[in-house]
Structure formats: C-alpha cells, structure tokens
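**Student:** Right, I'll just put the structure down here and ask away after.
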Amino acid sequence: MTTETLSRPVVQPAVPPKKKGRAVGQAATQVFLIGASILWLLPIAFALYVAIRPYSDTSKYGYVSMPHHLTLQNFKDAWTQSDMKHFFWNSVLITVPAVIIVLALASGVAFVLTRVNVKINVALLILFTAGNLLPQQVIITPLFRIYLKIHLPHFLSGSGLMYNSIFGLIAINVAFQLGFCVFVLSNYMKSVPEEMYEAALVDGASMWTRFWRLTLPLCRPALAALATLLTTWIYNDFFWAITLMSSGDKRPVTSALANLQGQFVSDQNLIAAAAMIAAVPTLVVYILLQKQFIAGLSLGSSKG
Amino acid sequence: MSSTSQAPPAATDPPKTDRRIRRRRGVRKLTRRDRIVVALLLGIPLLLDVAFVWIPAIGTILLSFTKWNGVGSLHTTTCKPNLPSILNNGCVYGVQNYHQAATIYPEFWPAVRHNLIWLAVFVLIATPLGMLFAVLIDRGIKGSRMYQSILFLPVMLSLALVGIIWEFMYSQNLGLINTVIGRNGNDNAIDWLGNPHLNLWAVLVEACWRQSGYVMVLYLAGLKAVDPTLREAATVDGANAWQTFWRVVFPVMKPINIVIMVVTVIESLRAFDLVYITNKGINGLELLSVLVTSNIVGETQRVGFGSALGVVLLAISLVPICAFLFQTFRREETRQ
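Going down the list, the protein sequences come from chains W and C. Converting from the first sequence to this note's numbering requires adding 23 to each position, the first position being numbered 1. Converting from the second sequence to this note's numbering requires adding 433 to each position, the first position being numbered 1.
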C-alpha cells in the first residue's frame with residue numbers, strides 16, 4: 024500500500040506528454056495511411072472507370088473526363104467477342120486439379136518427412152523447398168525440350184505431346200508448387216503432439232490410417248490456407264502458360280489476355296473490361312477468404 | 434523382496450521406457466503395408482519434383498555448354514570452330530556461350546544492369562515501404578483492417594493484369610498521369626512505357642505497388658508473433674514508439690527480416706510477367722528472365738545459349754536461396 028502510493032506519483036507525470044505525442048502520431052499515421060490507400064486504389068479504380076465508359080466517349084474526351092454515358096457493354100463484348108468463357112474454363116481445368124493434387128501429394132510427403140524417421144529427412148525437405156525458390160526461367164529450357172519429347176495418349180492431350188496440353192500445365196504447376204506446400208505442411212505437422220501417434224499405434228493403426236484419419240483432419244487450417252494461396256497463384260500464372268502452351272485457345276485466362284491485347288489494340292475499353300473480368304475470381308477469393316490467404320502466407324514465412 | 438522394491442519404479446517407468454522402445458521399434462517394425470504406403474507417399478511427389486524441377490535445373494547447366502538449335506539430336510562431340518552453324522549443331526561448345534553472352538550479345542549487360550536496378554529498388558524502396566505499412570498498421574489504429582485490405586489488394590492480381598491496368602495510367606495521350614501533369618498533347622507527351630530511359634522506372638513503380646503489400650503482410654505476421662511483454666517492458670522503461678521498434682522489436686525479428694530479404698531478392702529475380710506484358714522485354718526493359726525465354730520460343734531456338742543465360746540467373750539466385758535454406762534449416766537442426 025505504501026509502495027503503491029509512493030510509486031504512483033513517480034509514474035503519473037510521464038503519461039500526459041506521451042499521450043499528447045501519441046495523439047499527434049496517431050493522426051499522422053491515419054493521414055499517411057489514407058493517402059497511401061487512395062494512391063493504391065487509384066490504378067484499379069481508373070481502369071474500372073475506363074471499362075465502364077463507351078469507346079465513343081473516351082476517344083472524344085479522353086480517359087480523364089467526366090462521364091457522359093456509362094455502360095456495361097464493354098463487359099458484355101469482352102465476354103462474348105473474345106471468348107472469355109472458354110478461357111475461364113481452361114483456367115478452371117488447370118487450377119482445380121492442380122490445387123487438389125498438390126495438396127494431396129504435399130501432405131503425404133510432409134507426413135512421411137515428419138513422422139517417419141527416414142535418415143535423409145532434412146535433405147529431402149531442403150530439396151523440395153529449394154525447388155520452389157528457383158526462378159521459373161532457370162528450368163524452362165530443358166523443360167521445354169522434355170515437354171516436346173513426352174508423348175501422351177490422345178484423351179489426355181489434344182496434341183499428343185505434353186507440350187501444348189492442359190495436362191502438361193497441371194503437371195508443371197504441381198511440381199513447382201510442391202516445395203512450398205511441403206515446407207508449410209511439414210512445419211504445421213510438427214506441432215501435432217507425439218502422444219496422439221502413440222495412442223494410435225497402441226490401437227494398432229496402420230501408417231495410412233495415421234495419415235488419413237489422424238493427421239490430415241488436424242491440418243485443415245493449413246490446408247485451407249494453402250488452397251487459397253495456390254488457387255490464386257496457379258490462376259495468376261503467366262509464364263508456364265506462355266511458354267508451354269502454344270495455341271491460343273487452350274490457354275488459361277491470364278495469359279489469354281496477352282493475346283487480347285494484340286487482338287483488340289484499338290478498343291482499349293474492351294481490354295480494360297476484360298482485365299476486370301479476369302480479376303474477378305481472385306477478388307472473390309480475396310473477399311471471402313482473406314484470412315486464410317494471409318494465414319497461408321504467414322505459415323510460409325515464419326516457422327510454426 | 435527385490436521384486437517388490439523394483440515394482441514401484443516399474444509402475445512409474447513404463448511410459449518412458451515403453452515410449453523409447455516403441456519409437457525405436459516403430460521405425461524398424463514398419464509392416465510391409467506401411468512400407469508400401471511410405472514409399473508411395475514419398476516416392477511419387479519426389480519423382481515429380483525431381484523430374485520436372487531438378488532434372489531440368491541440372492539440364493540447364495549441362496546444356497549451357499552445348500550449341501544446339503533444337504532440331505536433330507545432341508552429340509557429345511566438340512563443335513568444330515570453323516564450320517558454319519548449320520553444320521555445327523548438337524555439339525559440345527565449352528564455355529563459348531558464356532563468352533558470347535558477355536561479349537557480343539547486345540542485350541546481356543543491359544539485362545544484368547536492369548536486374549540489379551530492380552533488385553536495388555526492391556531492397557531500398559518496396560521492402561522498407563512494406564515494413565513501414567506493417568509497423569503503422571500494427572499500431573492498431575482505427576481502420577487498420579481496411580488499410581491492410583486495400584494495400585494488399587494488388588498482390589491478388591496477376592502481374593499480367595497489373596501491367597494491363599497500369600497501361601491506362603501511363604497511356605501517352607489519354608492516361609491519368611500525363612493528363613494530370615498536362616503533358617498529353619501529341620508533341621509534348623511523355624512516353625512512359627516506350628522511352629527506354631523511363632520505362633524501367635515506370636514498370637518498377639508497378640512492381641513496388643504490388644511488392645510492398647506482400648512485404649507488409651509478411652512483416653505483419655512477424656510483428657504479431659513478437660512477445661507483447663517485450664513491448665510492455667520497453668514502454669514501462671520509458672521508451673517511445675520509435676525506440677521501442679528499433680531497439681526492441683526489430684532485433685527480435687531477425688528471422689523474419691532474413692526471410693523478407695530473401696523473398697525480396699527472389700521476387701526481383703523472378704520479374705518477367707510485367708515486362709513481358711508491357712512490351713515483350715525489349716527497348717529498355719530487358720531482363721535476364723526475358724532473355725532466357727526469347728532464346729527458346731520461336732523458330733530459331735538457341736538452346737545452349739539460352740541455357741547459359743539461365744545458368745547466370747541460377748547462379749545469382751543461389752545466393753538468396755542458400756541464405757534462406759541456411760536460416761530455416763539451421764534452426765531445424767538445432768531444434769532436433
């Protein structure tokens with residue numbers, strides 16, 4: 024009691040000036056962040072603005088002008104004239120299987136590397152992780168040759184080769200993203216307590232049961248976060264589609280936009296609309312699953 | 434007597450000794466079915482990774498010593514120096530590819546320069562900006578969630594989309610920037626994307642726009658993991674926010690700082706999409722990644738030469754990759 028009354032007068036004088044400084048600091052922070060947010064939204068807002076104005080308006084008055092008409096016709100045209108439905112379907116055909124396969128394979132590897140005492144565990148983990156850190160251009164030259172050499176049956180690939188096939192794109196996306204997922208999942212699985220496995224062993228659970236019934240359900244948060252990340256990354260992929268897919272109509276939507284740029288170079292409003300449409304899936308993922316997305320990134324950057 | 438005196442210790446011991454025995458036995462006593470499961474779970478992904486990532490990586494290194502245009506097969510004979518290219522195909526060329534890249538290939542040194550500039554801008558501008566955003570948002574002021582969402586939004590967009598969107602900002606006669614500063618007439622327009630002195634910086638603005646959001650989220654995750662008692666102790670000791678951050682929080686975040694540095698370097702070396710969608714990587718926007726690609730697509734392929742450029746990229750990338758692996762797995766080994 025005496026110590027409290029003694030100490031309080033010492034602390035109190037320090038508080039008011041700090042509080043005033045804090046208020047100024049907070050206001051400055053708000054102003055800075057509001058300014059940054061406006062700047063950050065500006066490009067997207069501007070492109071959207073161009074997309075909702077008809078070509079006749081912008082060619083007369085330029086992009087930076089008050090709107091005389093607003094229209095959704097550009098979106099309709101982008102959807103029909105440039106066959107976007109087809110490209111979206113290609114994207115779905117590539118992204119969905121790739122995400123499922125990567126997660127399935129990566130969880131298996133992570134399980135083995137964390138629970139089974141293989142001697143070269145760390146070396147294999149390093150192998151997988153480093154595989155994802157390489158820039159894509161380092162491996163493209165031989166990969167291109169490999170893809171031209173592997174023959175596929177016709178039900179898997181229209182061209183008979185791995186090159187220029189959806190199967191080929193799925194395969195490379197899976198192989199390339201495997202490392203990151205193995206890394207994240209193995210970190211996550213390490214946090215499963217050993218006692219659970221002992222109990223399972225006592226119950227006579229086989230390796231598969233321990234994996235499928237015990238580990239995987241516990242990893243659901245990590246799997247959800249990774250699924251969100253992977254969907255975005257594989258959907259946004261540009262390089263593999265550009266280099267390993269020659270024909271225009273099998274390309275996924277992100278790389279098809281590059282063709283559109285050439286095709287509709289005179290109608291920039293349509294290109295803006297097409298770009299907005301192509302951005303929709305990732306924006307939907309973002310709005311619905313922002314927490315999972317960010318959780319996935321933090322899992323990947325820091326250790327469990 | 435001896436048995437009863439042994440019984441009580443035995444009653445408390447079983448969990449430990451049993452566990453040790455079981456763990457050792459558990460490894461050796463894998464049933465046959467278990468072994469098959471392990472082999473499949475590990476083997477298939479390993480095969481995939483080795484086949485599509487590591488064999489091409491090694492292949493790049495090996496191919497860089499050859500001269501091959503993709504047609505015909507590859508031999509292990511050495512190229513004869515005086516024969517024309519059409520006959521000198523599919524042969525071992527030694528380090529000539531590297532020599533040619535460094536001496537007579539006009540885009541090589543500009544590309545290296547641009548890659549270094551890209552890296553410098555990321556390290557000096559994009560990453561600190563992202564860290565600044567993270568620190569400010571971490572203070573928990575009102576509207577933090579909204580700011581975070583807005584600043585992170587560009588990361589969700591494909592880089593190709595980013596390039597297309599910014600073309601409207603940079604458009605010569607109609608773009609926002611030129612119109613606002615009044616230089617959008619036909620004779621005084623600034624050609625942001627076409628002028629080889631300006632376009633790299635214009636594209637770098639786009640790249641930073643996206644990269645800082647990414648760094649912000651990574652750094653925020655690290656900041657949230659910092660023990661709050663550390664900060665409280667600093668505040669009690671009378672430190673202001675600035676001192677608290679630099680003297681207390683920043684040193685503790687050393688692992689995250691390293692990860693972010695590595696991510697920054699790797700992302701800057703990966704730059705391809707933005708440059709390609711803007712002008713296919715010519716005229717001031719040359720990058721090593723684009724050079725590699727331009728040597729393998731199209732009719733005239735120069736597989737050996739492109740591989741040599743890829744090896745240069747690989748060599749530069751190995752520095753941050755090894756830093757990351759060392760940082761991550763050294764802690765792994767000390768933990769085990």
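All residues carry an ideal CB built from backbone N, CA and C; glycine is no exception.
Compute the minimum distance between the beta carbon of Asp467 (chain C) and the heavy atoms of the ligand GTP, and state whether it is under 8 Å.
**Tutor:** The ligand GTP is not among the ligands present in this structure, which contains no ligands whatsoever.
**Student:** Taking 8 Å as the limit between beta carbons, can you name the residues of its chain near Phe541 (chain C), skipping five residues before and five after?
**Tutor:** Ala534, Ala535, Leu724 and Leu742
**Student:** Quick one: what's got a C-beta closer than 6 Å to Ala298 (chain W)'s C-beta in the same chain, skipping five residues either side?
**Tutor:** none
**Student:** Between Gly717 (chain C) and chain W, is the shortest Cβ-Cβ distance under 9 Å, so that the two count as touching?
**Tutor:** no
**Student:** Between which two residues does the alpha helix (DSSP H) holding Ile265 (chain W) run?
**Tutor:** Phe262 to Leu267
**Student:** What residues from the stretch 719 to 731 of chain C come within 7 Å of chain W, judged by C-beta to C-beta, listed N to C?
**Tutor:** Ser722, Val725, Thr726, Ile729 and Val730
**Student:** I want to verify the contact list: residues of chain W whose CB lies under 7 Å from the CB of Met602 (chain C), in sequence order.
**Tutor:** Chain W residues near Met602 (chain C): Pro66 and Phe69.
**Student:** From W:Phe199, W:Gly285, W:Ile169 and W:Lys172, pick the residue whose C-alpha is nearest to that of Leu150 (chain W); which is it?
**Tutor:** W:Phe199
**Student:** Can you list the residues of chain W that Gly608 (chain C) reaches, using a CB-CB cut of under 7 Å?
**Tutor:** Tyr86
**Student:** Can you find a CB in chain C that lies within less than 9 Å of the CB of Tyr211 (chain W)?
**Tutor:** Not closer than 9 Å to any Cβ of chain C, the Cβ of Tyr211 (chain W) fails to qualify, so no.
**Student:** Measure the C-alpha to C-alpha separation of Gly615 (chain C) and Gly563 (chain C) and round it to an integer number of angstroms.
**Tutor:** 31 Å
**Student:** Within 10 angstroms of the Cβ of Pro661 (chain C), are there 16 or more other Cβ atoms? Answer buried if so, exposed if not.
**Tutor:** exposed
**Student:** Where Leu552 (chain C) and Ala101 (chain W) are concerned, what is the direct C-alpha to C-alpha distance, given to the nearest angstrom?
**Tutor:** 36 Å
**Student:** Below 8 Å, can you find three or more Cβ-Cβ pairs linking the stretch 277 to 287 of chain W to the stretch 593 to 601 of chain C?
**Tutor:** Yes, the stretch 277 to 287 of chain W touches the stretch 593 to 601 of chain C.
**Student:** Smallest Cα separation from Phe167 (chain W): which of W:Ser79, W:Asp106, W:Pro66 and W:Ala264?
**Tutor:** Sorting W:Ser79, W:Asp106, W:Pro66 and W:Ala264 by C-alpha distance to the C-alpha of Phe167 (chain W) places W:Ala264 at the top.
**Student:** Identify each residue in the stretch 188 to 203 of chain W for which the Cβ-Cβ distance to at least one residue of chain C is less than 8 Å, and report them in chain order.
**Tutor:** So the close ones are Ala194, Ile195, Val197, Ala198, Phe199, Leu201 and Gly202.
**Student:** Tell me which same chain residues have a C-beta within less than 7 Å of the C-beta of Thr266 (chain W), skipping the five on either side of it?
**Tutor:** Ile163 and Phe167
**Student:** Rounded to the nearest angstrom, how far is the Cβ of Val745 (chain C) from that of Gly154 (chain W), given a contact under 8 Å?
**Tutor:** About 19 Å separates the two Cβ atoms, so there is no contact after all.
**Student:** Would DSSP call Thr499 (chain C) helix, strand or coil?
**Tutor:** strand
**Student:** I need the DSSP call for Thr103 (chain W), collapsed to helix, strand or coil.
**Tutor:** Looking at Thr103 (chain W) - three-state DSSP - the assignment turns out to be helix.
**Student:** Beta-carbon within less than 8 Å of Ala74 (chain W)'s beta-carbon, same chain only, minus the 5 sequence neighbours each way: which residues are those?
**Tutor:** Asn97, Phe98, Asn292, Ala295, Ala296, Ala298 and Met299
**Student:** Nearest-angstrom Cα distance between Gln529 (chain C) and Ser722 (chain C)?
**Tutor:** 20 Å
**Student:** Using the three-state DSSP reduction, which class does Gln315 (chain W) fall into: helix, strand or coil?
**Tutor:** In the structure shown, Gln315 (chain W) sits in a helix (DSSP, three-state: H, G or I).
**Student:** Checking the sheet assignment: what are the DSSP bridge partners for Val525 (chain C)?
**Tutor:** C:Thr499 and C:Thr511
**Student:** On the three-state DSSP scale, how would you describe His630 (chain C)?
**Tutor:** Residue state for His630 (chain C) is assigned as coil, using DSSP reduced to three classes.
**Student:** Do you know offhand how far Ser740 (chain C)'s Cα is from Leu507 (chain C)'s?
**Tutor:** In this structure, the alpha-carbon of Ser740 (chain C) lies about 14 Å from that of Leu507 (chain C).
**Student:** Please confirm if Leu473 (chain C) has its CB atom under 9 Å from at least one CB of chain W.
**Tutor:** So yes, Leu473 (chain C) belongs to the interface.
**Student:** DSSP puts Leu184 (chain W) in a beta bridge; with which residues?
**Tutor:** Leu184 (chain W) is bridged to W:His174.
**Student:** Please state the DSSP three-state secondary structure of Asp624 (chain C).
**Tutor:** Asp624 (chain C) falls in the coil class under three-state DSSP.
**Student:** Taking Cβ positions only, does Asp80 (chain W) come closer than 9 Å to chain C?
**Tutor:** no
**Student:** Any beta carbon from chain W within less than 9 Å of Arg466 (chain C)'s own beta carbon?
**Tutor:** By the rule that beta-carbons nearer than 9 Å mark a contact, Arg466 (chain C) touches chain W.
**Student:** Quick one: which chain C residues come within Cβ less than 9 Å of Val317 (chain W)?
**Tutor:** At residue 317 (chain W) the sequence reads Ile, which differs from the Val that was named. Residues of chain C passing the Cβ test: Gln581, Phe585, Val650, Leu653 and Ala654.
**Student:** Tell me, please, whether the stretch 114 to 134 of chain W touches the stretch 478 to 485 of chain C by the rule of three or more beta-carbon pairs shorter than 8 Å.
**Tutor:** Of all C-beta pairs linking the stretch 114 to 134 of chain W to the stretch 478 to 485 of chain C, three or more are shorter than 8 Å, placing the two stretches in contact.
**Student:** For the alpha helix (DSSP H) holding Met564 (chain C), just list the boundary residues, first then last.
**Tutor:** Element bounds for Met564 (chain C): Thr560 to Asp571.
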